[in-house]
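Going by the working numbering, the first residue of the sequence shown is number 861, and it counts up by one from there.
Built from N, CA and C at the ideal position, the CB exists for glycine as well.
Notes for the one structure printed next.
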Amino acid sequence: MADDKIIDGKLIAETMKKEIAAEVAEMIDKGIGAPHLAAVLVGDDEASLTYVTSKEKACHKVGMISSVYKLSSNATEEEVLNIIDFLNKDDEIDGYIVQLPLPEHINETKVIQSINPNKDVDGFTLCNIGLMQLGEPCYHPATPFGIKELLKRSGVEIAGKHVVVIGRSNIVGTPISVMLSRKGTDATVTICHSKTQNLKELTVQADILIVAVGQVEFVKADMVKEGAVVIDVGIHRIKDNSEKGYHIVGDVDFKEVYKKASKITPVPGGVGPMTIVSLLYNTLKAAKSNKK
Ligand code: NDP
């Protein structure tokens, strides 16, 4: 039997994929063509390669076109910028991402800020970040967008609630804090980081606690209010003697915190599956506007 306490990211992501696939099929039927997502991959970082491969698979699953522009780890900044220029101009490409991190000799900021904001489906350009701050339509970064969808689709009331976010990174903590506090979503948000004093005093006030701290099982039961909704963004591989050789845990001590929470995301199977589907959502949105 389904456990009502668990926010099942896998299931919600599957539902969203079906919705996206139906819209893609309609675009193809109408002769508009399938949305096309490209990825730029520089170097041979294994985690990046795995991530780009899963993006390709997810694209194909919903009927989208996917392409990867691979460059070796000693590619020059100019070579990367030339690809960006090509992708910006190519009408066939609706959206693209530059897989991070880039090799050290390449200026990440310069590369990211060269992306055409209309094709910036990761929502990393200054234009999209600025529009997000203003609460205007834009591409939201994938993980925070996925968290917001998880909350909405699990029936969690956000308006007027106190959300406490642990972590202020540019890809998770900061954007989710901004998104949830904007008009229309209307949460009251407290953002915490490594210099926050008396962290526990703040976290126990949270109706919704979002944890993106990057530390194994950092949040314990005594940091959580009875009945809080807990969203665990963390992903950590812990080596073990299993066949796979590892298992995955989050930033929250799930076993302890589960007992206190009214709803909680598991790791794996919570926020993780939402990130890629959010990228597909942004690509569909880009295609709808580009192929008009
Ligand atoms: P970062 O390492 O960039 O940021 C961690 C944040 O936590 C920083 O703001 C840091 O503060 C803060 N922090 C660190 N220690 C403490 C502490 N003791 N008390 C309070 N705050 C603290 O991480 P990310 O945001 O990139 O990622 C967070 C986690 O989420 C990681 O486990 C990552 O693997 C995972 N992740 C998962 C994704 C998914 O798809 N599910 C996507 C992206 C990330 P300060 O700013 O002061 O340094």
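As summarised for the region 904-973, the continuous beta strand (DSSP E) elements at least 3 residues long and confined to that stretch are 925-931 and 955-958, given in chain order. Here Tyr999 carries a coil assignment [DSSP, helix/strand/coil].
Going down the chain, each residue whose beta-carbon is closer than 5 Å to a heavy atom of the ligand NDP shows up: Thr1003, Gly1027, Arg1028, Ser1029, Val1032, His1053, Ser1054, Ala1072, Val1073, Gly1074, Val1093, Gly1094, Ile1095, Val1131, Gly1132 and Thr1135. DSSP assignment within the region 996-1035 yields the following whole alpha helix (DSSP H) runs of 4 residues or more, N-terminal first: 1002-1013. Where Asp1092 is concerned, the enclosing beta strand (DSSP E) starts and stops at Val1089 to Asp1092. Annotation: the continuous beta strand (DSSP E) that includes Ala899 extends over His896 to Val902. In the three-state reduction of the DSSP assignment, Ile989 falls in the helix class. In this structure, Gly923 is the residue among Val940, Gly923 and Leu962 with its C-alpha nearest to the C-alpha of Ile880.
In its chain, beyond the 5 residues on either side, Tyr999, His1000 and Pro1001 have a beta carbon closer than 6 Å to the beta carbon of Gly983. When the alpha-carbon of Val1049 is set against those of Gln1057, Asp1067, His1107 and Val1023, the nearest one is in Val1023. Taking C-beta atoms as the reference points, Ile966 and Thr936 count as a pair closer than 9 Å. Taking the Cα positions, Asn942 is about 11 Å away from Val900. With a cutoff of 9 Å on beta-carbon distance, Val1089 and Ile1124 are scored as near each other.
Contact between the region 1065-1083 and the region 1009-1023 is present: 3 or more CB-CB pairs across the two stretches fall below 8 Å. Under the three-state reduction of DSSP output, Val1073 falls in the coil class, being neither helix nor strand. Linking Ile872 to Tyr1118 through their CA atoms gives a straight-line distance of about 20 Å.
Comparing C-alpha distances from Asp863 to each of Glu886, Glu916, Ser1014 and Ala1147 shows the shortest one belongs to Ser1014.
Bridge pairing for Thr1050: Val1024 [DSSP]. Secondary structure at Asp980: strand, using DSSP grouped into helix, strand and coil. With a 10 Å radius around the Cβ and a threshold of 16 neighbouring Cβ atoms, Ile867 comes out buried. Contact between Asp954 and Thr1135 does not hold, since their C-beta atoms are separated by about 19 Å, which reaches or exceeds 8 Å.
Taking 9 Å as the cut-off, the beta carbon of Leu947 is found closer than this to the beta carbon of Ala898. The C-beta separation of Ile1108 from Leu1010 comes to about 18 Å, leaving the pair out of contact by the 8 Å criterion. In this chain, the alpha helix (DSSP H) harbouring Lys878 covers Gly869 to Asp889.
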